[in-house]
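Undergrad: In this note's numbering, the protein residues as written are 51 to 390.
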């Protein structure tokens, strides 16, 4: 096997659509090597691998493509499973030009969330797990609990308030629109907007008394985007409409019923509940505890000043009591201020 190419980080800084020679390791022990574009998605690369593997030995031993996932060493020195196959290769930024195909295991939603968190903070989660720091672990646990509670509160919001939070208005700082000659248009100028109604099954039944629907049950959506037009703002202040008018194009909008937004809100809520459920199921059952001990340490910030002292064992009860003094291997005069 030829050695892998090291120092790939500089390769991802380049611009353009050039090919990169990649190595692919299959679970059957077959090694593939062929060029791919840096702008190819992980899903399209997997199709290329399957097409090339069809002419190799042991192809029949492979399962369906969806049963496998690519893994690589990313820029944070962490082994990453590329669950999101819509990402481009240049967005993944593997440290080496090697992608390994492994069987998909575990909860896919949980892994995808952890990957997104690692990319967001620029540090692998394994670095936090390897730290023996009580403050960091306690902070992470409290922040996770706080964020999950806030996410559940937002999922219980009415559809309009949830839309305001999830899809905030994309506005221009000024209302006036400049003409090509540099002259700003007056606020009384009329504009043409193409608005169509969203396809709905209940509109197909004609032999039924028409139900009175409120205008407040509808909102405007930009065609082909999760972007909505709402609020007490001039139409020309929305960036989409502003850019259309500046380019001499007609804005295209869709009148969407609130049930569409509620359905999407429920889908997001189910996704969050799956993550919480997978976390709770992944925890091992508690072991029966027969004895209790207390471990104490002296800290200055996150620095341990001396060895941790452990008390004696006592039986498990509702009010355990230790009739014991803990002696630390450090003089009082050597303790810095703010020690605890």
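Beta carbons: idealized from backbone N, C-alpha and C, even for Gly.
In angstroms with no decimal places, state the Cα-to-Cα distance between residue 290 and residue 117.
TA: 40 Å
Undergrad: Look up residue 194 in the DSSP assignment and say whether it is helix, strand or coil.
TA: helix
Undergrad: Residue 75: which of 347, 306, 99 and 224 sits nearest, CA to CA?
TA: 99
Undergrad: Give me whichever residues DSSP pairs with residue 123 in a beta bridge.
TA: Partner(s): 129.
Undergrad: Just curious, the alpha helix (DSSP H) that residue 164 is in, first and last residue?
TA: 158-171
Undergrad: For residue 288, write down the residues that DSSP places opposite it in a beta bridge.
TA: 221
Undergrad: In angstroms, rounded to a whole number, what distance separates the CA positions of residue 147 and residue 212?
TA: Between the alpha carbons of residue 147 and residue 212 lies a gap of roughly 42 Å.
Undergrad: Along the alpha helix (DSSP H) that carries residue 374, what are the first and last residues, could you check?
TA: Careful: residue 374 lies outside any alpha helix (DSSP H) and carries neither H nor E.
Undergrad: What residue from 113, 188 and 301 has the CA that sits closest to residue 275's CA?
TA: 301
Undergrad: Once you ignore the five residues that flank residue 185 on each side, which residues in its own chain have a CB closer than 7 Å to its CB?
TA: 352
Undergrad: Distance check for residue 156 and residue 167, CA to CA, integer angstroms please.
TA: 18 Å
Undergrad: Of the residues 287, 143, 92 and 307, which one's Cα is nearest the Cα of residue 265?
TA: 307
Undergrad: With residue 102 as the anchor, note down where its alpha helix (DSSP H) starts and where it stops.
TA: For residue 102, the enclosing alpha helix (DSSP H) begins and ends at 92-103.
Undergrad: Looking at residue 355 and residue 392, is the spacing between their C-beta atoms short of 8 Å?
TA: Since the first residue of the chain shown is 51 and the last is 390, residue 392 is not available in this structure.
Undergrad: For residue 143, which of 199, 106, 88 and 341 has the nearest alpha-carbon?
TA: Among 199, 106, 88 and 341, the Cα nearest to that of residue 143 belongs to 88.
Undergrad: Contact defined as beta carbons within less than 8 Å: I believe residue 359 pairs with residue 382. What is the distance between those atoms, to the nearest angstrom?
TA: Incorrect: roughly 15 Å between the Cβ atoms, too far for contact.
Undergrad: Secondary structure at residue 204, three-state DSSP: helix, strand or coil?
TA: helix
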